[in-house]
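Going by our numbering, 20 is the number at position 20 of the sequence shown; the sequence numbering is gapless.
By construction, the Cβ of each residue, glycine as well, lies at the ideal position given by its N, Cα and C atoms.
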Amino acid sequence: MALKKEKKQEIVKGLKENMKKQKTAVFVAFKGIKAKDVFSLREQLKKDKCLLEVVKKTLLDIVLKENGIDIGKKKFQGETALIFGFEDEVAPARIAHQFSLKNVNLKILGGIFQNKFAEREEILTLAKLPSKQELYTKVVGTINAPVSGFVNVLQGNIRGLVYILSSIKK
Numbered sequence: 001m002a003l004k005k006e007k008k009q010e011i012v013k014g015l016k017e018n019m020k021k022q023k024t025a026v027f028v029a030f031k032g033i034k035a036k037d038v039f040s041l042r043e044q045l046k047k048d049k050c051l052l053e054v055v056k057k058t059l060l061d062i063v064l065k066e067n068g069i070d071i072g073k074k075k076f077q078g079e080t081a082l083i084f085g086f087e088d089e090v091a092p093a094r095i096a097h098q099f100s101l102k103n104v105n106l107k108i109l110g111g112i113f114q115n116k117f118a119e120r121e122e123i124l125t126l127a128k129l130p131s132k133q134e135l136y137t138k139v140v141g142t143i144n145a146p147v148s149g150f151v152n153v154l155q156g157n158i159r160g161l162v163y164i165l166s167s168i169k170k
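Structure below.
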């Protein structure tokens with residue numbers, strides 16, 4: 001069913017707003033996926049503050065060109081959806097990749113990372129990176145390691161003194 005001009009303008013306006021707020025966007029083909037699977041994907045995305053939006057390629061092309069990203073419609077064959085990531089740069093790629101491993105009908109086509117088009121391989125590389133929370137944990141652990149080692153060394157001297165005093169007492 002053809003969309004009216006007002007509805008198309010409303011969709012383009014919504015896409016522009018999401019493009020401004022997004023940190024990463026992933027293009028996916030979803031032909032042949034059951035509705036319940038799409039619903040579960042949307043739920044997973046919602047938990048990580050991401051959004052799945054099915055868009056017409058012509059409207060998507062208009063929004064991308066206005067943002068200085070020209071990829072051409074030939075890149076996207078079939079039904080196309082866009083997954084926006086608003087907080088974590090890695091989350092949309094990671095969730096789409098994990099879902100595509102379970103459901104072969106979801107195919108990652110590419111994406112937008114740092115306001116530039118990223119090929120499929122780049123998005124898959126991004127999907128394999130750890131989340132921000134995991135990286136923060138590793139940084140804190142790395143910073144904490146020398147301090148805790150120093151504390152253990154200092155405690156070793158005190159422990160040795162206590163052992164010597166306890167052996168003298170016996």
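When only Cα atoms are considered, GLU43 and VAL54 end up about 15 Å apart. Beta-bridge partners of LEU52 (DSSP): ILE83. Counting along the chain, ILE33 sits inside no beta strand (DSSP E), nor does DSSP assign it H or E at all. Following the DSSP letters along the chain, one finds LEU15 inside the alpha helix (DSSP H) bounded by residues 5-21.
Shown here for ASN67: same chain residues with a beta carbon closer than 6 Å to its own, the five before and five after excluded, namely MET19 in chain order. By DSSP's assignment, GLY110 forms a beta bridge with PHE27 and GLU119. In this structure PRO146 is exposed. Its beta-carbon is surrounded by fewer than 16 other beta-carbon atoms within 10 angstroms.
Cβ contact annotation for GLN77 (same chain, cutoff 8 Å, sequence separation greater than five): ALA29, in chain order. The beta carbon of ALA25 is closer than 6 Å to those of LEU82, PHE84, GLY111 and ILE112 in its chain, skipping five residues each way along the sequence.
For the set ILE164, LYS23, GLY149 and VAL63, the Cα lying nearest the Cα of ILE11 is the one of VAL63. A Cβ-Cβ separation of about 6 Å places PHE86 in contact with GLN22 under the 8 Å criterion.
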